[in-house]
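Numbering (my numbering), first residue to last: 691 to 1043.
From the three backbone atoms N, C-alpha and C, an ideal C-beta is built for every residue, glycine too.
Since the model is a prediction, treat every value here as computed from it, not as a measurement.
Reading through the structure tokens given below for one structure.
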Amino acid sequence: MKNEMRALIDKLISEHRLSTEEYEALLLGRDEETAAYLAAAAVSERDRLYGPKVFVRGLIEISNICKNDCNYCGIRRSNRSCERYRLTPEEIAACADEGYTLGFRTVVLQGGEDAFFTDEVLVNLVHAIKTEHPDMAVTLSLGERTRESYRKLREAGVDRYLLRHETANREHYRSLHPAEMDYDNRMRCLRDLKELGFQTGCGFMVGSPNQTMRHLAEDLSFIESFRPEMCGIGPFLPHHATPYADMPAGSAELTCYLLSILRLIHPALLLPATTALGTLHPQGRELGIRAGANVLMPNLSPVRVRKQYELYDNKICTGEESAQCLRCLEVRVQSVGCEIDRGRGDFLPEAPT
Ligand code: 5AD
Ligand code: FES
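Following this line, the structure appears as structure tokens:
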């Protein structure tokens, strides 16, 4: 390994921060040796704080109806070939019950920006889940909302909120989204979520169209200063009915390299090995865990709607029962020396650094 690369990594390990230029150099100069060195440090940090554990969250895809038209996303509103669905609050509560029975102590309700899910509908739904299962953490991932809306949801007992920032670079953000979507509003949402006391997750795609190493370095600087509790990253994967149908997919290797860097920036981060990573590479999620990830989000949605929540082509686990998925994941996690933890898997607030 070149001396400069080792020096950068050692600085990241001891100081948990680098300049944007240094992050860019760390990305540009990577090779197998640097990746292995980073991954070993990342795994040892994860194990020091959480043990060799992978937390599971049951993902319920509540609606694929969306008012937005993101260029990369298969459920964008202008995709006429997408068969739309929306689960009823009763169906969603039943999925949460099933998750509870399977041992999950956390569920993530994710969906497009669907106007049906008003504050009132969501507050009632969260109350129903929390009344039935007071020891279950509830995470929402339902896009941009007003501060007042987030406040009501937090008051209703929502523990966590996931909203990927998608890219920390304003011009790049503009290239990935239609004109009516606003980078500043996205960032406003993330700040509000954090201030309101949600465990907050941001994140980005790796290899999205027009992305440069400089952009990724800016994502790392953003995460360093924003200090989210969670960060979801996965490779960009093309969807056939979007403007990006013919764009190349992102790389598993770079995604894993970034996972290791993120672990070293904020050692206590909850970092999923994403379904997109598992879709790109048959052992993608295992590779993610070996790079320092510590969360998996198996699908709890009713099997009949799983194929319809198609953000990208060839998404895995759309035909399996949740119980089957969980068993499959158990084997995969054990194959890389970790154990599944079905507890709430909260962020460690007083993480020793
Ligand atoms: N490839 C990979 N990830 C995607 N997402 C949306 N579309 C794609 C795609 N084509 C990600 C976005 C979004 C999250 C729910 O899924 O980052 O925030
Ligand atoms: Fe779903 Fe393997 S994780 S089948």
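Item to check | Outcome for T821 when other beta-carbon atoms lying within 10 angstroms are tallied against a minimum of 16 | outcome: Under this definition T821 is an exposed residue.
Item to check | Coil, strand or helix - F794 by DSSP | outcome: Under the three-state reduction of DSSP output, F794 falls in the coil class, being neither helix nor strand.
Next on the checklist: According to DSSP, M877 sits in a beta bridge with which residue or residues?
Outcome noted: Secondary-structure assignment with DSSP links M877 through no beta bridge to anything.
Item to check | Contact test: Q889 Cβ vs ligand 2 heavy atom, cutoff 7 Å | outcome: No, since every heavy atom of ligand 2 falls outside the 7 Å radius drawn around the Cβ of Q889.
Next on the checklist: Give me, in chain order, the residues of the same chain whose beta-carbon lies closer than 8 Å to that of Q998; leave out the 5 immediate sequence neighbours on both sides.
Outcome noted: N754, C772, E773, R774, Y775.
Checklist entry - Who's in the neighbourhood of ligand 2, going by beta-carbon under 5 Å from any heavy atom, listed in chain order? => result These are the residues, in chain order, with a beta carbon less than 5 Å from any non-hydrogen atom of ligand 2: C1007, E1010, C1015, C1018, L1019.
Checklist entry - On the premise that G924 lies in contact with A869, defined as a C-beta separation below 8 Å, what is that separation, rounded to the nearest angstrom? => result In fact, because the Cβ distance is near 26 Å, the residues do not count as touching under 8 Å.
Next on the checklist: Nearer than 7 Å: is that true of the beta carbon of A846 relative to any heavy atom of ligand 1?
Outcome noted: If you check the C-beta of A846 against ligand 1, you find no heavy atom less than 7 Å away.
Next on the checklist: Less than 8 Å between the beta carbons of P918 and C892, yes or no?
Outcome noted: Contact: yes.
Checklist entry - Which of the three DSSP states, helix, strand or coil, is assigned to V828? => result Of the three classes helix, strand and coil, the one that applies to V828 here is strand, per DSSP.
Item to check | Y762 Cβ short of 7 Å to ligand 1 heavy atom set | outcome: Because some heavy atom of ligand 1 lies under 7 Å away, the Cβ of Y762 counts as near it: yes.
Next on the checklist: Here's the rule I'm using: 16 or more other beta-carbon atoms within 10 Å means buried, otherwise exposed. How should P938 be labelled?
Outcome noted: The residue is exposed, with fewer than 16 neighbouring Cβ atoms inside 10 Å.
Checklist entry - Does at least one heavy atom of ligand 4 sit under 7 Å from the Cβ of M895? => result Ligands in the displayed structure: ligand 1 and ligand 2; ligand 4 is not one of them.
Checklist entry - Grouping DSSP H, G and I as helix and E and B as strand, with all else coil, what is E1029? => result In the three-state DSSP reduction, E1029 falls in the strand class (E or B).
Checklist entry - G974 and L961: beta carbons closer than 8 Å? => result Cβ distance not < 8 Å, so G974 and L961 don't count as in contact.
Item to check | Same chain, Cβ closer than 7 Å to L970, neighbours up to 5 away in sequence not counted | outcome: The residues are P925, L927, A939, A942.
Checklist entry - Are there 16 or more other CB atoms within 10 angstroms of the CB of F806, so buried, or fewer, so exposed? => result Burial call: exposed.
Checklist entry - According to DSSP, which residues form a beta bridge with L698? => result Within the DSSP secondary-structure output, L698 pairs in no beta bridge.
Checklist entry - Using the beta-carbon count (16 or more within 10 Å), is T890 buried or exposed? => result Residue environment: T890 is assigned as buried (16 or more neighbouring CB atoms within 10 Å of its CB, all protein chains considered).
Checklist entry - Are E803 and E845 close, meaning C-beta to C-beta below 8 Å? => result E803 is not a Cβ neighbour of E845, given a cutoff of 8 Å.
Next on the checklist: Less than 8 Å between the C-beta atoms of V985 and G1035, yes or no?
Outcome noted: Pairing V985 with G1035 gives a Cβ-Cβ distance under 8 Å.
Next on the checklist: Output needed for L702: all residues of its chain with C-beta closer than 6 Å, excluding positions within five of it in sequence on either side, in chain order.
Outcome noted: Excluding positions up to five away in sequence, the list reads L708, L954.
Item to check | Closest Cα partner of Y713 within the set R1017, S911, H930 | outcome: For the residues R1017, S911, H930, the minimum Cα distance to Y713 belongs to S911.
Checklist entry - Buried or exposed: which applies to K757, given that a residue is buried once 16 or more other Cβ atoms fall within 10 Å of its Cβ? => result Result: exposed.
Next on the checklist: Under 7 Å: does the beta carbon of L986 sit that close to some heavy atom of ligand 1?
Outcome noted: Outside the cutoff, so no.
Next on the checklist: Measuring only the C-alpha atoms, how far is I750 from F1037?
Outcome noted: Cα-Cα distance, rounded: 21 Å.
Next on the checklist: My output table needs one value for S709: the three-state DSSP class, helix, strand or coil.
Outcome noted: Note: S709 maps to coil in three-state DSSP.
Next on the checklist: Can you tell me which residues form a DSSP beta bridge with K820?
Outcome noted: K820 is not bridged to any residue.
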